[in-house]
Amino acid sequence: MNRTFALVLIILALGLIAYNVTLVDFENPIQGDSTIALIGIVASLSAIVLMLIFMTSKKIDKKLKK
């Protein structure tokens, strides 16, 4: 997996976060579709963190091989 693909996945996850934020009812965030939107936001944030960890591990691996 190269850096470009990882950045595309991060951008897609950010787009999903933006979409899910529009679905959240901030007056009642734990009921109905707001719960599903919050789960989507957390899942997208997790994907971003995993991709950043992956990119960092690739940088470390590259430095160790030199």
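Last residue of the sequence shown? That's 66 in UniProt numbering, and every number before it is there in order.
Here a beta-carbon is modelled for each residue, glycine too, at the ideal position from N, C-alpha and C.
If you're wondering where the values come from, they're calculated on a predicted model, not measured in any experiment.
Open item on the list: So, with DSSP's three-state summary, where would you put M55?
Closed with: helix
- [ ] Along the alpha helix (DSSP H) that carries L15, what are the first and last residues, could you check?
- [x] Checking the sequence shown, residue 15 turns out to be Gly, not Leu. That run of the alpha helix (DSSP H) goes R3 to L23.
- [ ] Please classify I30: is it buried, with 16 or more other beta-carbons within 10 angstroms of its beta-carbon, or exposed?
- [x] exposed
Task: Sub-9 Å separation of M51 and I17 beta-carbons - done: Cβ distance not < 9 Å, so M51 and I17 don't count as in contact.
Task: Beta-carbon proximity check, L7 vs S44, cutoff 9 Å - done: If you check the CB distance, L7 and S44 do not come in under 9 Å.
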